[in-house]
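Accompanying notes for the structure given below.
Protein chains in written order, with my numbering: chain A, 121 to 404; chain B, 121 to 404; chain C, 121 to 404; chain D, 121 to 404; chain E, 121 to 404; chain F, 121 to 404.
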């Protein structure tokens, strides 16, 4: 593109920048955008671009594949119960925490810092910002948890100091036992606690499809009522159900907008922020 | 351009944004960029774009043509002395101040506010931020002045509060008499006082030309020594001399970079900030 | 007066100073106090004296005569409609803004600065502190406006920084078109927005008179009810009606006291502040 | 005086107010201004007037006569040694502290509070702002002290909070033993520590006289050199010597001006602050 | 004790420190803990220890015996009326203020400062934090008072600055007349005004006894209802009644806990704060 | 111990508390104090006790044994080079980071939070507080590093907010590659950067021994010169040499005191802080 084309294009971004500057975006960072090094690099830079035009970014990350990889290396079986919850005994949880907090989060913090912004990696444990309890569907001894309470003061302080918080979806109970929290759920709880303007769930799908076998049947925007109907009538199915429910719960609790983002689309974060068409399905 | 092309392009702007965020740019806003309504609208939006990525903007404006227009309507002769200084008697100065501070600056403040940013219009008089004395080449009674002292505290406070200061190049002497200050000079003094990272002088020329009759002979960048040589050997001539001297004086006094900007080029401010090629001649 | 007489007199001012220190006074500055250079100089010094004993001063100024003068010089007719509103087409409005903001306000800022205090001149445009709409009685195309909304944050910041805001009674609509606001009305809106302790309207009359032909029949103080009765029974008539209504509106909206001040009386501001008898008519 | 005369007079005070506003005055409050209830009331109000025009007041008080009175009532002998220092054994010191800190300072704090300002009474003990050691001329066991060190932070905090500190001239040594400090000396040390603009020593004399028997021979102003000469040649004699030396010491250590004030003259503080002639002898 | 025993013991204090850190304790400091120099020294150090683990201490002191002593020396009769109120004429009140504010409070400030903390001594007069009126049971001319109003801002500022306020139980009426306030009452009013966590009244008794002749019959803790019953049935009698009522009044007005503390027991403040058994009777 | 003995003992701690309150202690937390759960619990509580008396604690931890354990489980060989440096290839470094940052640091943060204080876990990566380069003795590809630069701003902010920073001894180079830093060295660098009052290196040895085979030959305190001599003459040998050199380097760069602490002794941190005898060898 010519220089004049490039700056013309920048000039056209102004209304989008003005609309979003000063807002809080909570981003669930997962899927290929996390595991594919090239997409990851682009995604991190896009996040920093959002940050540099005045948007306050909080990143929540998952990391299932790398957890499984280490478990396998250590000879531990990767198990899920009838409800689809990972069977996480204490020993497995130790591995989960090492991988999420000691490896993936470290990589994200490093990438953000190397790309010129300032990141701090934490989990629910630090300053006890999020506490957990055993997930209501989890068997005794299964360290799969759900959020019990949250306190966003430390996050606000980090944002105030100009840092991007990178948060591993782990939280402790009263006795300090770590629980593995579903990253989408953690993202929703933080978005609610921060009264975020946008919650973005990065996925490896195009978004909500009218016909799940036709990726061109993407529904770009849904109202809460429409989303509920689509769950009812089976259009939204499988793993898309809990994601949609996360969005609905967030919207019910003061979050401005929620997006099931197509992480496979290049610059999906920028598309969502700086174009009208977006990338994925917006539930509002 | 496709949405994906557009965001790709935005993504490429990140290194430029990171380089300039938090820096102070003092811009002499004049020429066609000021008088042509369409270019003016673009220019204002470009300034706000710079502001929205964290650059602190101070605008200094001139307004010769509109001064002449009102003088003529009022039946006053438009005169310049042998040194090229406007012959500004007290009555003319009153007209100068009304046009600069009461009309042009008002228009700029209005345009910035309507475009979604916050502007405050002031001159050297307000909070006595700049004081003047009669220009050393001006005859008695000629209210053409030069800067005597400046105090940037109020400007810093306005920047701190998120406002864009729009400054008419007028300053008072100890007794409150207004002097008309050359807008380039005023810009340089403010850039020096604020230890600006960049001083940009918008002109209606392409910049410094090797061959003044060949607009394709633009010199994109000069060192201070080179600029002095070009003045010496006559390559820089006419009205370009005082502009170049303004740049040299600013550089000598702590300003980071100075640019004689081609205001006729669309989005010249963005070209200068977000491309390597720039728009005009950079003296460093 | 002997030195001992002088300090005795100063000592007697203490209770008045204690009563008013820290309070906000919004002053409509107009009439002879504005046009007569000698009275103007005294008035400015009196304002600074009030400021120096801890009173926070906001100045709103008009400027009818000088507007007319420039309009006439430019060959434009000075017209008022049947409601007494100035017929202000866009071209006239440009002249109004140049005279108010570019000449009179400049003079006031200069006088305050030269007298040792710090002033900043603004209008409704700056930081968009006041927005306007066409006056309900004004014909299409008449840029006579009324206040639509106001935001006092910038004024508070200026007061906090120790500046005296000098405000031209002009405000923009959403599209940046300037409207001429009646200075008394502007004063009342600012007094209401700032929850001022006192609103002072400087006039060229002694105040409200029992017998309009007998200047010794001044009524020094009126309750709101009494003022309404006097409008009803015709004692308050002509130009005194809108001024009285301004006062009543301000009192209804949280302003502490309103004074129709006799600007022809020397040191009227000091008389009002530092003596029991005052100068003009106080409506409480 | 007529109201118009009164406000005219107030108006004339403006330059004096502007000159002194924001400055620090440290006042030794003693003599008849302290002991005569009527003069005291006037003096307190004058101090509050100074305070209300932005001058920061610190009051240091003595109280010899009331100390003697209580000592006599308690059957203790009032003694002075060969150097003129009060012979202050520990029991006498207890009486000194009760009278200065428990009676006179209380009265001053009360008068200031009742007159509408805010006072806090302290001595060198509080927050250990001043520490003492035995006076170099004092015999063993004599609790007459001199200042050893001072720390003005607490005073600055009180001034910041808008309080007038009233300070009894007592200070402790390392072990908490109280010492009686000469109030003039204490005043000078505080003025030095606060880099005061003015130090005022209230006395029951007209000031420095050319002819000590002719009260009309007052010298209104002296340079430091002149003051030293007058001590040398005996013009300054007796109790005026230590007062003059206090002034010289203060001037040598950064205090702006020192005044030996004629406390017998009504409104002496206002005369000194708001007239050119002053009241007493100024050493500069 | 061995070093290892000592630090073991310190380690065991942690839960108590964590429980109390950041809380406000208002302490009535009287009885032997005040008059016996050895106990006083221990008590002051204990207060500083509480302060050094983050507890905010406010000290209110009485001083009956030393008042009587000076009155006797001065030949004034020590009288109490039928209600047990001291008959305090104005002359007596002067003595009361000198002793409390000029002697005892000075000693306490000195001891705290010498022990390494920072104290400031004040009474109700300073900054007018507490105002008084004649006690409802006091005869005309009797300067025995009761609290009329209080304003804790100055106290909060002192605590913020890290100082320990030491407060003499004296307060002025509107006209500045000093009143002697019962120190227990003053303590309760301050505890209420500061919403203290604990109010501690130091006494020379073991606390509330089941059998007043058997000091081993101490009741370590009472509810408000129980305390009222014990007053009813005469178990709480004599001087213990007003103390108990002080506690009940404080509890009714937002104070967390009240303790009638056994000042005769060594380190009673530490026992109350750092052990479960406490020292005296806690009313909750 | 009786309650009275206990509080007596607390009272005796006051001078030690006063001496250390407000000071910065940087603690290398390692050895049995880290690995033995019971000692760890005591140590954490002792750290919180120090924190609760106003000492600012920064914790740096190692974790060799647990790294080895996971490496072994993963079938990786645990290797050290000729210089005793761990041979840390990139894969090993990943394990190091997971264990230090994802397991041990998590446990410490959890223990501190559960014990009632607030901790945040970070490494050199977060906010890029410490950057590293390859250790000068390390072979190519060995991710054993040494500190290149440090920036303590983030640490100060955490201390200001009342958090205890827990720091894993890992730091990135410019490209984000993680390096394993010796924890003693990391501690020294942080102590230097923070101008710490005390640096404490917890070890599993009694300290410096005169006769390395006689644990009763402990040298409780050494000057820098003495320590250098003991290295010279071989008294200090083996692993004690680098620890001693760390201390010497810290002392040379502004750290107040350094202690090689006997982590095997119960409550060693309290012994060092609250007794004169200490625990281990102090180099000053």
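Each residue gets a CB set at the ideal place from its N, CA and C atoms; glycine is no exception.
In its own chain, which residues sit with a C-beta less than 8 Å from the C-beta of residue i, not counting the 5 before and 5 after it?
i              : result
residue 164(E) : 228, 231, 232 and 235
residue 324(B) : 151, 152, 383 and 384
residue 226(B) : 241
residue 248(A) : 271 and 292
residue 335(B) : 326 and 329
residue 342(F) : 328, 350, 401, 402, 403 and 404
Roughly how many angstroms separate the alpha carbons of residue i and residue j, rounded to a whole number?
i              : j              : result
residue 394(A) : residue 404(A) : 17 Å
residue 246(A) : residue 276(B) : 37 Å
residue 283(F) : residue 156(F) : 25 Å
residue 224(F) : residue 175(F) : 23 Å
residue 202(A) : residue 222(F) : 29 Å
residue 304(F) : residue 322(E) : 50 Å
With 8 Å set as the bound, which would you pick, yes or no: does the beta-carbon of residue i sit closer than that to a beta-carbon of chain F?
i              : result
residue 253(A) : no
residue 144(A) : no
So the candidates are the options; which of them puts its Cα closest to the Cα of residue i?
i              : options                           : result
residue 191(D) : 137(D), 171(D) and 215(D)         : 215(D)
residue 250(F) : 352(F), 301(F) and 198(F)         : 301(F)
residue 267(A) : 219(A), 306(A) and 378(A)         : 306(A)
residue 280(D) : 161(D), 123(D), 398(D) and 178(D) : 178(D)
residue 244(E) : 238(E), 252(E) and 237(E)         : 252(E)
Determine, for residue i, whether the minimum Cβ-Cβ distance to residues of chain A falls below 8 Å.
i              : result
residue 152(F) : no
residue 209(F) : no
Output yes if chain E places a C-beta closer than 8 Å to the C-beta of residue i; else output no.
i              : result
residue 194(D) : yes
residue 395(F) : yes
Got a sec? Which residues, its chain only, sit under 6 Å from residue i by beta carbon, not counting five neighbours each side?
i              : result
residue 298(E) : 213, 217, 290 and 292
residue 327(F) : 338, 380, 382, 400 and 401
residue 188(D) : 198
Assign residue i to buried or exposed, taking buried as 16 or more other Cβ atoms, counted over all protein chains shown, within 10 Å of its Cβ.
i              : result
residue 173(C) : buried
residue 153(A) : buried
residue 373(F) : exposed
residue 145(E) : buried
residue 295(A) : exposed
residue 363(B) : buried
residue 78(D)  : The structure shown does not extend to residue 78(D), since chain D spans only 121 to 404, so no value can be given for it.
Would you say residue i lies against chain B (beta-carbon separation less than 8 Å)?
i              : result
residue 234(C) : yes
Does any residue of chain C have a CB that is nearer than 8 Å to the CB of residue i?
i              : result
residue 336(D) : no
residue 285(B) : no
Enumerate in chain order the residues of its own chain whose CB-to-CB distance from residue i is below 7 Å, with the five nearest sequence positions on each side excluded.
i              : result
residue 370(A) : 308, 311, 312, 319 and 378
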